[in-house]
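Notes to accompany the following structure.
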Amino acid sequence: MEFKKLCKYKDGDILNFMEKMEILTANPSDFEAIKALMLEALQNDPTAFSVDFDNYSKNSNEWWKNYLFGYIHGYNATMLLTRTGNEIAGMIGILFDSNRRRSHVASIVWFYVKSGYRHNGIGKKIFEEAMRVIKGKPEIRKITLLVNHPQEHAIKIYKDFGFKIAGTLKNELIINNEPVSEYILECFV
Ligand SMILES: CC(C)(COP(=O)(O)OP(=O)(O)OC[C@H]1O[C@@H](n2cnc3c(N)ncnc32)[C@H](O)[C@@H]1OP(=O)(O)O)[C@@H](O)C(=O)NCCC(=O)NCCS
3 MEFKKLCKYK DGDILNFMEK MEILTANPSD FEAIKALMLE ALQNDPTAFS VDFDNYSKNS
63 NEWWKNYLFG YIHGYNATML LTRTGNEIAG MIGILFDSNR RRSHVASIVW FYVKSGYRHN
123 GIGKKIFEEA MRVIKGKPEI RKITLLVNHP QEHAIKIYKD FGFKIAGTLK NELIINNEPV
183 SEYILECFV
């Protein structure tokens, strides 16, 4: 098994998870799991995203329903989840722009693998699947994403898949009272 080879030094639980792991498109029954995973991502990796746990944890369930609607109903968006049964290890979101002038652009968002599952190739695998989904849409010519400095593991994956840094939004965010720059990455398909 491809994954078994990748994680031969890992313990049995991870091996078991990865052997049976599937990458599935989220549907409405995943609402609670995605909400929990997003909040976990914001809490555990507070420097990785452009929004923060304090804001999002206070949002109402109605807000979450609106926010996740597109992802779980496949309306101008897709969310891919890596899972074995009910256990989810990671996610990646894709946004498709309905604006005619940007209908050739897809954006990648919410790329996250739970810390206990990292360094086993799950991130690359789910990213690869997102690229496959995007490339399956002939109208898409370009993929963009934003990544905070210095998320080097994420940036390495993006570069491995052909993304290039197109610019820097200097001190775009304030995280823990510190200015943080964001890189704009793009990939032409
Ligand atoms: C980025 C992230 C999704 C990667 O998930 P992952 O499952 O660990 O990724 P992989 O195991 O597929 O690793 C991909 C590459 O990164 C490298 N890498 C990952 N973690 C690493 C680490 N801690 N140290 C060194 N290299 C690392 C791997 O070596 C691999 O490169 P290789 O294929 O050349 O060996 C995960 O680290 C994460 O969720 N980070 C926090 C959230 C985040 O930064 N998201 C991006 C927001 S834009």
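Under my numbering, the first residue of the sequence shown is numbered 3, with each subsequent residue one higher.
Yeah, the Cβ is synthetic: ideal placement off N, Cα and C, and Gly gets one too.
Which same chain residues end up closer than 6 Å to residue i when comparing Cβ atoms and leaving out the 5 residues on each side of it in sequence?
i, result
"Cys189", "Ile145, Gly164 and Phe165"
"Glu184", "Leu148, Asn150, Leu171 and Glu174"
Look at the alpha carbon of residue i and the alpha carbon of residue j, and state the distance between them as a whole number of angstroms.
i, j, result
"Arg120", "Ala168", "27 Å"
"Gly14", "His106", "43 Å"
"Lys158", "Tyr114", "14 Å"
"Val182", "Phe55", "16 Å"
"Glu149", "Ile186", "The identity of residue 149 in the sequence shown is Val, whereas the question assumes Glu. Approximately 7 Å, taken between the alpha carbons."
"Glu180", "Asn173", "9 Å"
"Ser62", "Tyr73", "18 Å"
"Phe98", "Gly118", "30 Å"
"Pro140", "Leu39", "31 Å"
"Ala91", "Ala108", "23 Å"
On the three-state DSSP scale, how would you describe residue i?
i, result
"Phe55", "helix"
"Phe71", "helix"
"Ser117", "helix"
"Asn63", "helix"
"Ile110", "strand"
"Ile145", "strand"
Tell me the residue span of the alpha helix (DSSP H) that contains residue i.
i, result
"Asn173", "Asn173 -> not in any alpha helix (DSSP H); beta strand (DSSP E) instead, spanning Lys166 to Ile177."
"Val135", "Ile124 to Lys137"
"Ala38", "Phe33 to Asn46"
"Ile157", "Glu154 to Asp162"
At what residues does the beta strand (DSSP E) containing residue i begin and finish?
i, result
"Met23", "It is not in any beta strand (DSSP E) - Met23 carries neither H nor E in the DSSP assignment."
"Pro30", "Per DSSP, Pro30 belongs to no beta strand (DSSP E) and is neither H nor E."
"Gly92", "Glu89 to Phe98"
"Tyr77", "No beta strand (DSSP E) contains Tyr77, which DSSP labels as neither H nor E."
"Pro181", "Glu180 to Phe190"
Excluding the five sequence neighbours on either side, which residues of its own chain have a C-beta within less than 8 Å of the C-beta of residue i, listed in chain order?
i, result
"Gly87", "Lys22"
Environment of ligand 3 in chain order, Cβ to heavy atom below 7 Å:
No copy of ligand 3 occurs in the structure displayed; its ligands are ligand 1 alone.
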